[in-house]
Each structure stands twice: as C-alpha cells, then as structure tokens.
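Protein chains in written order, with this note's numbering: chain A, 1 to 309; chain B, 310 to 618.
Right under this line is the structure:
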C-alpha cells in the first residue's frame, strides 16, 4: 500500500545568493514524492497545464512514482518565483500564478483509493477535503497548510484538521493558526481540534514533534553550504512519511526516527536546486546523515555525585 | 579556584505580556553569578552607584558569591528598561543609562587574580581587556559581546577574541561579527581569530556548540510558560562555566554536558522575573531538567536492513 500525495506540481523560478534557475521542476507534490520515493512507493495527485514539459516528470517516474493521478488541463501550469535573502532565512515571493491549479478538483484513479498514508500538501483545504472524500480507507492522514489558508479558509482548514492524524507546519503558521505564540501551547490547541501529532518545522532551527506523551526535537543539520531552501519542508514530509510507510508499526520510537529521516531529507533537498539531490541520494548516505544527527545531539547525563557544589 | 565574572550590575525595568517589574536586580554579572553559584564559587567584578539598594545583593552573598570586587561610585547605577513582544522573541529597549558604568575601569582585589575560569560579560571590550590584564593566571577565558561593540569597538573586540578560549554569543551577533550568515562558517571565522570553542545561543531555538572536532546542539526547553526572557543568556553562561569549573577535566564530553547545564539554567531563568528562580532552584531540579533535555533529543538509529525500500 502506497503513500498518496496531493499537492502542487510547479515550475519554479528561484534566485538564491548562489545562483538562479528558471522554470525548474517544483511544487509540494514533486518535492514530497522525490523524497518519499527513497523509502516507499508514492502515488501523486495533481494537475499541470498543456505547457508543462512532461519529460521533466520522468525523473520521478524512473524512481517508481505513480503519476496516473496527474491531470493535464488546458491552460498554464502553476508557476512560482521567489528570491531568497542573503542568509536564506527569508524569501520574497515575486509571483504566484495558480494557472490550472486555481479551480482544480481531483478525480482519484481507482488504484489510489486505498493508500496506507495520505499526505495533503499545502493547497486549498477544499481540495484537501475533495481528495480525502475519495479515499475509501487510509491508516494515517497528514496535512500541511500555510498563512493564506489559515487567513482565508479557516473553517475548511478546521474540517481538514478534524480528519487529520498529523499536522506538519512551520512555527509561524502554527502560531497564526492557534493564535498562540508558545509553540507547545499552540500544538495543544491543534491536538484539541484533531491532529494528535504535531510537527513544527523551524527551518534552520530544526523540527519539533509534539504528541500526547512527549516532545522531541531534532536540530537543523549544520550545512556549511545551503544552496536553495525551496522545498525543504516537503522533502521533510516525504522523508518522514516515506519512512513511516516502510514500517509496520508506528510507536513513539518510529515517529522520532521518522522525524530524523525527514530532517535528513530536508537537509539533502537544500544542497541543490529543484529535486536534483533528492533524486540521486543513496540510502547509505541517508543513514550516514541520520547517524550524524545522533552525534549532533548526544551527551552524557552526569551522576548526581558529579555535580555537588 | 573560583569563576571570575566581570559584567553589569543593573536595575532593570522589564515589561512582558505577563507582568512588569521596576528597578529589579539585573545585569550580566548578576544573572551569571546567580546561575553559576549553583555549581561553583563565583567572584564578581562590577560597579554600582550610590543609589544602589545594596541589600538586594544579599541574595547573591547568601549563596556564597564574593562581591568584594563590586565598586561603589558617585553617580547613578546602570539602568536598563525594555518591553517584550507578545511572543517574547523580540524586545524593544526603552532606555539604557550607563551611569557609573560608562567610564568604569576595574581594580581587581588581590584574591581575584588567579581564577580558574574568567567570564568577560557583555561590556565594552576595553573593560574586558582591562580586567584580563590584571589576571595573573587563568585556565579558561570566555567572553560575550553584542552588536554595539561589534559595530563600534571592533578592533578592541578582536584583541579580546585573540585571548579568549570560548566565545558565547547569539546567532545575530556572530553573523554580524563574522559578516557571514551561515552559522558554522561564522564559527570557523571566529576560531581563526582566537576562540577555538564557539557557543551560539539561539534563544527559544536552543544553543549550538562548535569546537574544532564537532558540532553539538541542544534544543530550547519547551516551556509552556515563559515569564521573562531577560538574562537567559547570562544564566546559560553561568550554568555552562559553573559546571565546567566544578570538573577537573574538560573533554568534549564535559563541554557537551556543560552546554546542557547552561541550557537548563537558562530555562529556569525565564520562569520568573530577575534572578528569583535561579536563586531558589535545587540541584535535583537542575538534574531532572538535564534528564528531560536528554529525553527531548533521544532517538534510535535503525539498522540498514530496516530501511531498504
């Protein structure tokens, strides 16, 4: 049973302090599936315009990603362009053209209706619901969202949340959603409205997992060269859910490991433009990075005798 | 042999979303020594004006802090007032009145001249050098600084850095100092100019230790109630250096544990105004929090067989 993802399939024009790409393969469903495909089969739901260079998707297809759920419609493909600040911690969106994505409603292929895990990427909550309504059985639903939907489609978003097991958002988004600056309290707010597991992505500061029993942190990987931060959050989600999909059981321990695998994939994503690095990374490199994450946070708790004044 | 600290002894007026205090005991030397005294004897170098409520310092004295190096001068004590944003992540300084601190040059008591560790709090680098010049022997020198000195006293600050083993600064400061947005690269820049160990304090995002061999992260403690963030960085430094002072040897392992003890003390500091919590916290509570830090970051690295697609 696969991981189903619905999200954008985009042509991104991105400028960072280190370079620029035009009309590069991007979008939440693309980054997610390029990442998750390292762990588990993925099925993509999305839409492109007639102008889309379909051969670009061969990169995903060659990795076993099922693209039968990608519709081709008259009109322009979704395009996003943005420029990053010198420290890569903020970006300015220059243009967002929804194109065929604006009024897209999905029809799920028959083979897509019983995924083990469904990831509702950062899209209109009404479209997230539209997809969820066509899923006949699913063990785990995760979703992402953004400021636009929190502002403009709050009611629909809360309906999604009620049907979601895991919410993955960034720190600004959860603060805005919950109206609460404290991240732990904001996570509790979300838990009361559905998603019992909350993952707060904090960019270079790492990620936080809050479930009903505990809180877990993983730091940002201390890369000396960050090339392009675009898609890091979706690569995280892909690594996280792909890792879970490859496991029979999901205890607290698997969830924690999955967060680290997600972080590892996020750290690979930013090493190159588009999904270049996510598509050529090997499992031994992923495991090596996971081990590095462990050595980044390991310390000894001294015996009480050792700290008496 | 003690931990020597030079820094401000201030009267702080602080407003947070949760309350307000006026002319409360504050300043880098005060927060540092209230924290470090939990681990090791501390000697304070500083200055107050004739208006200073000297009885306020009894709180430190009662914990064994040596205040013979605190001079009393004609004039006003150092005063700072600030107000925090709703999410406590930014603050506006309303007023800084240096008073007697403006042209203070210290004369170290004889008993202060052979500390094991010296901490040069966030003050004019010329005053940091003035103190360092009077120290006859010391095993470890750590220093803090801020944007003001990086801007206006860069040359003196670089002279301090050349005589420093450990630099403790926040993320904005090290980026400004090194002119480099990437924190690992910025730490390397610092290492080339003196301090071989760099600790980057990231507020709610925790702290990063960069030495010549490795990088270590500790997350911010996920407090649901942050009362007043003032002094958290100095409480961190006090816990970090106090812990080191209480140990014979300083290997990579002790440094990592020290960072966690520093983080624990920072997390206690913000639970109340001024140094109230730092002064009544017990060692068993500190150790319990250190154990919580460990459970916050512990995860299993799966065997390679477990992650084959």
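From the three backbone atoms N, C-alpha and C, an ideal C-beta is built for every residue, glycine too.
These numbers come from a predicted model, not from an experiment.
| said: DSSP has residue 329(B) in a bridge; who is on the other side? | reply: Reading the second chain from its first residue, position 20 is the one you call residue 329(B). DSSP, once it has assigned bridges, lists 324(B) as partnering residue 329(B).
| query | Counting Cβ pairs, one atom from each stretch, are 3 or more of them under 8 angstroms apart for the stretch 78 to 96 of chain A and the stretch 482 to 491 of chain B? | reply | yes
| said: Looking only at its chain, what residues have a beta carbon closer than 6 angstroms to the beta carbon of residue 150(A), apart from the 5 residues adjacent to it on each side? | reply: Here the question's residue 150(A) lines up with position 150 in the first chain. For residue 150(A), where only same-chain residues beyond five positions count, the Cβ hits under 6 angstroms are 176 and 177.
| Who are the Cβ neighbours of residue 63(A) in its own chain at under 7 angstroms, not counting the five residues just before and after it? | As a position in the first chain, residue 63(A) is number 63, starting the count at 1. So the qualifying residues of the chain are 37 and 279.
| said: Can you check whether the C-beta of residue 297(A) is within less than 9 angstroms of a C-beta belonging to chain B? | reply: Counting from 1 along the first chain, the entry for residue 297(A) is found at position 297. True, the Cβ-Cβ gap to chain B drops below 9 angstroms.
| request: May I ask which residues mark the beginning and end of the alpha helix (DSSP H) holding residue 592(B)? | output: For the purposes of this step, residue 592(B) is taken as residue 283 along the second chain, with counting starting at 1. Its alpha helix (DSSP H) spans residues 592 to 606.
| request: Taking the CB atoms as reference points, tell me whether residue 314(A) and residue 156(A) lie closer together than 9 angstroms. | output: This structure leaves residue 314(A) out entirely; chain A is present only between 1 and 309.
| With contact counted as at least three CB pairs below 8 angstroms, one residue from each stretch, are the stretch 20 to 29 of chain A and the stretch 43 to 52 of chain A in contact? | yes
| task | Going by CA-CA distance only, name the one from 262(A), 11(A), 41(A) and 273(A) that's closest to residue 168(A). | result | As a working mapping, residue 168(A) is identified with position 168 in the first chain. Minimum Cα distance to residue 168(A) is reached at 262(A).
| Fully enclosed by the stretch 371 to 424 of chain B, which beta strand (DSSP E) runs are 3 residues long or longer? | 375 to 382, 387 to 393 and 400 to 406
| Contacting positions in the stretch 365 to 397 of chain B - beta carbon closer than 9 angstroms to chain A | 373, 394, 395, 396 and 397
| query | Is residue 523(B) close to chain A, meaning its C-beta is less than 9 angstroms from at least one C-beta of that chain? | reply | Here residue 523(B) is taken as the residue at index 214 of the second chain, counted from 1. For residue 523(B), the answer is yes, since a Cβ of chain A falls inside 9 angstroms of its Cβ.
| request: Compare the Cα-Cα distances from residue 240(A) to each of 298(A), 293(A), 199(A) and 67(A) and report the closest residue. | output: On the first chain, residue 240(A) is found 240 positions in, with the first residue counted as 1. It is 199(A).
| task | With DSSP collapsed to three states, give me the class of residue 152(A). | result | Stepping through the first chain from its first residue, residue 152(A) is reached at position 152. In this structure, residue 152(A) counts as helix in the three-state DSSP scheme.
| query | Any chance the stretch 573 to 593 of chain B sits against the stretch 534 to 548 of chain B, with 3 or more Cβ pairs inside 8 angstroms? | reply | yes
| task | Would you identify the three-state DSSP class for residue 266(A), choosing helix, strand or coil? | result | Counting from one through the first chain, the residue named residue 266(A) turns up at place 266. Here residue 266(A) sits in helix by DSSP.
| task | Taking 8 angstroms as the threshold, find out whether the stretch 209 to 225 of chain A comes into contact with the stretch 601 to 617 of chain B through three or more Cβ pairs. | result | yes
| Using DSSP with H/G/I as helix, E/B as strand and the rest coil, what is residue 249(A)? | As a working note, residue 249(A) is residue 249 in the first chain. Residue 249(A): coil per DSSP, three-state reduction.
| said: For residue 190(A), report the span of its alpha helix (DSSP H) as first-last. | reply: Position 190 of the first chain, counted from the first residue, corresponds to residue 190(A). Start and end: 183 to 192.
| field | Where residue 224(A) meets chain B, residues with beta-carbon distance less than 9 angstroms | value | As a working mapping, residue 224(A) is identified with position 224 in the first chain. Chain B residues near residue 224(A): 491, 493, 494 and 497.
| task | Note down, in chain order, each residue of its chain lying with its Cβ closer than 6 angstroms to the Cβ of residue 518(B), except the 5 sequence neighbours on either side. | result | Locating residue 518(B) in the second chain gives position 209, counting from the first residue. Contacts found: 508, 525 and 568.
| Residue-chain proximity (residue 596(B), chain A), Cβ-Cβ < 9 angstroms | Along the second chain, one-based indexing puts residue 596(B) at 287. Yes - at least one Cβ of chain A is within 9 angstroms of the one on residue 596(B).
| Under a CB-based cut-off of 9 angstroms, is residue 302(A) close to chain B? | Sequence index remark: in the first chain, residue 302(A) carries index 302 (1-based). Taking Cβ atoms only, chain B reaches closer than 9 angstroms to residue 302(A), which makes this a yes.
| What's the gap between the Cα of residue 233(A) and the Cα of residue 266(A)? | Along the first chain, read from residue 1 onward, the residue named residue 233(A) stands at position 233. Along the first chain, read from residue 1 onward, the residue named residue 266(A) stands at position 266. When rounded, the distance between both Cα atoms is 6 angstroms.
| Is residue 37(A) helix, strand or coil by DSSP? | In the first chain, residue 37(A) corresponds to position 37, counting from 1. Looking at residue 37(A) - three-state DSSP - the assignment turns out to be coil, as it is neither helix nor strand.
| message | Which residue marks the beginning of the beta strand (DSSP E) containing residue 386(A), and which one marks its end? | response | No statement about residue 386(A) is possible, as the shown extent of chain A runs from 1 to 309 and does not include it.
| Can you find at least 3 beta carbon pairs, one from the stretch 381 to 391 of chain B and one from the stretch 313 to 328 of chain B, that sit closer than 8 angstroms? | yes
| Which residues in the same chain as residue 223(A) place their Cβ atom closer than 8 angstroms to its Cβ, once the five residues preceding and following it in sequence are excluded? | For the purposes of this step, residue 223(A) is taken as residue 223 along the first chain, with counting starting at 1. 267, 270 and 271, listed in sequence order.
| Residues that residue 291(A) contacts on chain B, provided the C-beta gap is smaller than 8 angstroms | Reading the first chain from its first residue, position 291 is the one you call residue 291(A). Neighbours of residue 291(A) on chain B, chain order: 610.
| task | Closer than 7 angstroms by C-beta to residue 467(B): which residues in its own chain qualify, once you throw out the five before and the five after it? Chain order, please. | result | Counting from one through the second chain, the residue named residue 467(B) turns up at place 158. The answer, listed in chain order, is 502.
| said: Taking the alpha-carbon of residue 440(B) as reference, which of 573(B), 314(B), 599(B) and 610(B) has the nearest alpha-carbon? | reply: Working through the second chain from its first residue, we reach residue 440(B) at position 131. Out of 573(B), 314(B), 599(B) and 610(B), 314(B) has the C-alpha closest to the C-alpha of residue 440(B).
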